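Working notes, beginning with the structure itself.
There are 4 protein chains.
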Amino acid sequence: MTKAIVLGGSRGIGKAISDSLKSIEIDVFPASKKDIDTSDLNSVKKFLDIHYETDILILNTGGPEPKLFSTITENDWKKYHNQLFLGFVTILQNIKINQGGYIFLISSSVIKEPNTKLIISSAYRAAFTEVFKVLSKEYAEKNISCVNIAPGPFNTDRTRELIDNVKEFEKTLPMKRLGEPEEIGNFVKSIVENKIKYLSGVTINFDGANSNSIF
Amino acid sequence: MTKAIVLGGSRGIGKAISDSLKSIEIDVFPASKKDIDTSDLNSVKKFLDIHYETDILILNTGGPEPKLFSTITENDWKKYHNQLFLGFVTILQNIKINQGGYIFLISSSVIKEPNTKLIISSAYRAAFTEVFKVLSKEYAEKNISCVNIAPGPFNTDRTRELIDNVKEFEKTLPMKRLGEPEEIGNFVKSIVENKIKYLSGVTINFDGANSNSIF
Amino acid sequence: MTKAIVLGGSRGIGKAISDSLKSIEIDVFPASKKDIDTSDLNSVKKFLDIHYETDILILNTGGPEPKLFSTITENDWKKYHNQLFLGFVTILQNIKINQGGYIFLISSSVIKEPNTKLIISSAYRAAFTEVFKVLSKEYAEKNISCVNIAPGPFNTDRTRELIDNVKEFEKTLPMKRLGEPEEIGNFVKSIVENKIKYLSGVTINFDGANSNSIF
Amino acid sequence: MTKAIVLGGSRGIGKAISDSLKSIEIDVFPASKKDIDTSDLNSVKKFLDIHYETDILILNTGGPEPKLFSTITENDWKKYHNQLFLGFVTILQNIKINQGGYIFLISSSVIKEPNTKLIISSAYRAAFTEVFKVLSKEYAEKNISCVNIAPGPFNTDRTRELIDNVKEFEKTLPMKRLGEPEEIGNFVKSIVENKIKYLSGVTINFDGANSNSIF
Chain A
1 MTKAIVLGGS
11 RGIGKAISDS
21 LKSIEIDVFP
31 ASKKDIDTSD
41 LNSVKKFLDI
51 HYETDILILN
61 TGGPEPKLFS
71 TITENDWKKY
81 HNQLFLGFVT
91 ILQNIKINQG
101 GYIFLISSSV
111 IKEPNTKLII
121 SSAYRAAFTE
131 VFKVLSKEYA
141 EKNISCVNIA
151 PGPFNTDRTR
161 ELIDNVKEFE
171 KTLPMKRLGE
181 PEEIGNFVKS
191 IVENKIKYLS
201 GVTINFDGAN
211 SNSIF
Chain B
216 MTKAIVLGGS
226 RGIGKAISDS
236 LKSIEIDVFP
246 ASKKDIDTSD
256 LNSVKKFLDI
266 HYETDILILN
276 TGGPEPKLFS
286 TITENDWKKY
296 HNQLFLGFVT
306 ILQNIKINQG
316 GYIFLISSSV
326 IKEPNTKLII
336 SSAYRAAFTE
346 VFKVLSKEYA
356 EKNISCVNIA
366 PGPFNTDRTR
376 ELIDNVKEFE
386 KTLPMKRLGE
396 PEEIGNFVKS
406 IVENKIKYLS
416 GVTINFDGAN
426 SNSIF
Chain C
431 MTKAIVLGGS
441 RGIGKAISDS
451 LKSIEIDVFP
461 ASKKDIDTSD
471 LNSVKKFLDI
481 HYETDILILN
491 TGGPEPKLFS
501 TITENDWKKY
511 HNQLFLGFVT
521 ILQNIKINQG
531 GYIFLISSSV
541 IKEPNTKLII
551 SSAYRAAFTE
561 VFKVLSKEYA
571 EKNISCVNIA
581 PGPFNTDRTR
591 ELIDNVKEFE
601 KTLPMKRLGE
611 PEEIGNFVKS
621 IVENKIKYLS
631 GVTINFDGAN
641 SNSIF
Chain D
646 MTKAIVLGGS
656 RGIGKAISDS
666 LKSIEIDVFP
676 ASKKDIDTSD
686 LNSVKKFLDI
696 HYETDILILN
706 TGGPEPKLFS
716 TITENDWKKY
726 HNQLFLGFVT
736 ILQNIKINQG
746 GYIFLISSSV
756 IKEPNTKLII
766 SSAYRAAFTE
776 VFKVLSKEYA
786 EKNISCVNIA
796 PGPFNTDRTR
806 ELIDNVKEFE
816 KTLPMKRLGE
826 PEEIGNFVKS
836 IVENKIKYLS
846 GVTINFDGAN
856 SNSIF
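Right under this line is the structure:
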């Protein structure tokens, strides 16, 4: 039976991906923060002792609180360096993805259009995007596809924390609504279900036509 | 019943999309060059007299023969300006896409990494990508999603014309093979089937990890 | 004596480049619309009969009036296809740039972040950017450098036509002002004066930190 | 008198920038590794005790040895996280750039086209590029320009360490040669000398037409 590990699988986009993969008879382990805290490399290593191989891996984690550059401390940087970058790196250095598998990275549209308040997230998610791009070529040799999904504003607890008045915010969006986590869940499911493999090494903005840059 | 028009729908990637949409009970019109020749604006207009509305539109057309810049004639430029740009523009200015519909553009990975021999294709497909990006924001208001798929090397007649020794060429690719048209066919089908709408205004490299640029 | 041809050299950014190149003893021909109308290929060819070689070439032309997509006519597309794309292509196919020379393209920041009202300009300037990128590699063999400058909002007659209330607009810009044509003039002059050659094949946003996309 | 601090100012591109700024009567402090080791945050803080303000700041540092992903240790990541990212962040959080000043970042072309062997450099330089982009908008309010120069292959000790046979390598480059540090030195000098301010918030590939991606 095909196995999947979904980090941050207990809520938001991660939960939607877990649910949709379960619907096609995949054996999903939806890892919550209790199972693995990517900001703590020891926690990551312990997790890897148990979960050392999989067919499908979803790299997904929340970002930091919005914070202005001048107020970000050395500890903040180091914590989120772990959470958004080094934890994922450690996983990829140690986990075995089975031949023909998939790795999906859930990053953020702020990697292409960085955001003042989300500067930590913009920085470290971009850093990991570089790593993921390089690795996609190596994984390709084992027929493993690497897809970086960069969500814009989605209907999650996180967005409701970040945005004061969601209703007003939605009016400013091209589609007049937030994205629904199920849309990403179904997207991931479809790629796996249809054995689409040639989609790899790509960053896919998933933002309801909200971004402005051409690529 | 949901209607789809697939330009270039009789061969290659267009045919694969037609076939996969048919498999989910969509009423597909796979337009061949007999039905519409996008390099001839009169042909485009005649086509639009009959096909003036649809739910799903696939903008897809072959590119020109490889030609070095110095040998491209004014007529070449004008022909492919029509075929790769103005024909599609004319369609979008005149066709009605129904609320909740989809437009898929099949462009090419040469828009991000332009190719000496495919300079005409690089230029006009990039031009149309700009138009498509701008329009994605307007279509969003009617819940119409615009997805630009930029294929790398695929297993089509076209590729066999362009590449001398396909077997050798495949060895140079990260996945050691060309993409299969069915992968794009299934990709398009899945988005429609799962009613994924928030994927819009995006250019998706579909190239088996072959490109080198980060975005 | 080093020769330069500056298209659109009688006003705005083109004039500023002409003036700054003259200040370093370059023999500048500032071509006005009387000398060459890039929207008319016959005019382009006549110009090339006289100006068939140069050391420095500045490809620079105004864009179209702002126009919404639905109102753009076939003639509009064709006119600006000539003016923003095919005229420049014809020049590069026919003019001799001397060994060690320079070609500067003055495009626009709308090629990276396309603009609804400037959709024609976004499209054809992007198309030419693709051509220019491909050619930069060929010109490199003759030590000719190709630099694409993509200006944001500058203090030109053009901007005053496009923007209703310039004073108010300026307050929305990161630098609280428009760019001054002399800044681009001096930039071009400096590269030539200092014989900087390794800057080539690049698109340089010149927009006072106004754009939002990372690259 | 205008003051400049040039990190990594004792060799390679840093030295060339130091020398060219000195030639226009700027009071340059070319910081060597003795003065500041950006991989050691204590060293950075000590440096900032003495050098707490400047008109011009050049953020420049060497990258790590080439290393394959699987062999990079946690300590490697942390060291270069400091050297390529957190050291620069700490500087910008603490140093005062005087009104009308400049910050130049010397990054690398690997941020746009990441490199397997230089994966650490690709990641952290991209991360800092995001920070630098966000900050360029804030600095703009004080008329401080932020320019990110992304060099391709240059004629430095570093390149000679990375490349086995430089002569052979040069033949593969569009200009058949490495870039000369003086070209970047003169570029920086020219911008300062001509008080060009509107060039800001931009990443400039400086690679002799070597890159393949359109932007």
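Residue numbers (this note's numbering), protein chains in the order written: chain A, 1 to 215; chain B, 216 to 430; chain C, 431 to 645; chain D, 646 to 860. Think of the CB as a built atom: it goes at the ideal place given N, C-alpha and C, for glycine as much as any other residue. Keep in mind it's a predicted model, so treat the numbers as computed, not measured.
Listed in chain order, the positions of the stretch 87-121 of chain A with a beta carbon within less than 8 Å of a beta carbon of chain C are I111, K112, E113, P114.
With fewer than 16 other Cβ atoms from the protein chains shown falling within 10 Å of its own Cβ, D372/B counts as exposed. Annotation for N705/D: the continuous beta strand (DSSP E) segment containing it runs 698-705.
For S122/A, same chain residues with a beta-carbon under 7 Å away, outside a window of 5 residues either side, are V110, I111, P114, N115 in chain order. Between I419/B and I191/A, the beta carbon gap of about 11 Å keeps them out of contact (Cβ cut-off 8 Å). Neighbours of T203/A in chain B, taken as residues whose beta carbon is under 8 Å from its own, are I429, F430 in chain order. In the three-state DSSP reduction, S462/C falls in the coil class, being neither helix nor strand. For S641/C, no CB of chain B lies under 8 Å from its own CB, so it is not counted at the interface with that chain.
At a beta-carbon threshold of 7 Å, the residues of chain B lying near Y554/C are A342, ordered along the chain. Using a Cβ-Cβ cut-off of 7 Å, I196/A is close to E398, N401, F402 of chain B, given in chain order. Contact between the stretch 70-84 of chain A and the stretch 700-709 of chain D is absent: fewer than 3 CB-CB pairs across the two stretches fall below 8 Å.
With a beta-carbon spacing of about 5 Å, F206/A and L414/B fall inside the 8 Å limit used to define contacts. Nearest in C-alpha terms to R375/B, of all of A246/B, G223/B, G227/B, is G227/B.
A check of alpha carbon separations from L7/A across S136/A, K197/A, P30/A, K176/A identifies P30/A as the nearest.
Chain C has no Cβ within less than 8 Å of the Cβ of E356/B. Selection V403/B, S426/B, F430/B evaluated against A150/A yields F430/B as nearest (Cα-Cα).
Boundaries of the beta strand (DSSP E) harbouring V436/C: 433-437, taken from the DSSP string. By the C-beta density criterion, L118/A is buried, having at least 16 other C-beta atoms within 10 angstroms. When Cβ-Cβ separations below 8 Å define contact, E670/D makes no contact with chain C. Using a Cβ distance threshold of 8 Å, K137/A and A424/B count as a contacting pair. Taking C-beta separations shorter than 6 Å and ignoring five residues to either side along the sequence, the partners of T269/B in its chain run K218, I220, following chain order. Taking 3 residues as the minimum length, the beta strand (DSSP E) runs contained wholly in the stretch 42-113 of chain A are 53-60, 96-106, in order along the chain. In this structure, N573/C places its C-beta atom within 8 Å of the C-beta atom of G530/C. Apart from the 5 residues on each side of it in sequence, F617/C sits with its Cβ closer than 8 Å to the Cβ of I579, F636 in its chain, given in chain order. Straight across, the Cα-Cα distance linking I765/D with D680/D is about 24 Å. CA-CA distance, I103/A to H51/A, rounds to 15 Å.
For the 8 Å CB-CB criterion, P389/B and E130/A do not form a contact. Comparing alpha-carbon positions, the option among C146/A, V147/A, L162/A lying closest to P153/A turns out to be L162/A. Note that the C-beta distance between E838/D and N800/D is not below 8 Å. At a cut-off of 8 Å, the C-beta of F47/A has no neighbouring C-beta in chain B. Contact of K463/C with chain B is not assigned, every C-beta pair being separated by 8 Å or more.
If you look at A140/A, you'll find it in the alpha helix (DSSP H) that goes 119-140. DSSP lists F636/C as the beta-bridge partner residues of P581/C. Residue range 442-452 is occupied by the alpha helix (DSSP H) that includes L451/C. Straight through space, the alpha carbons of K189/A and D27/A are spaced by roughly 13 Å. Contact with chain C is found for E345/B, since one of that chain's Cβ atoms lies less than 8 Å from the residue's Cβ.
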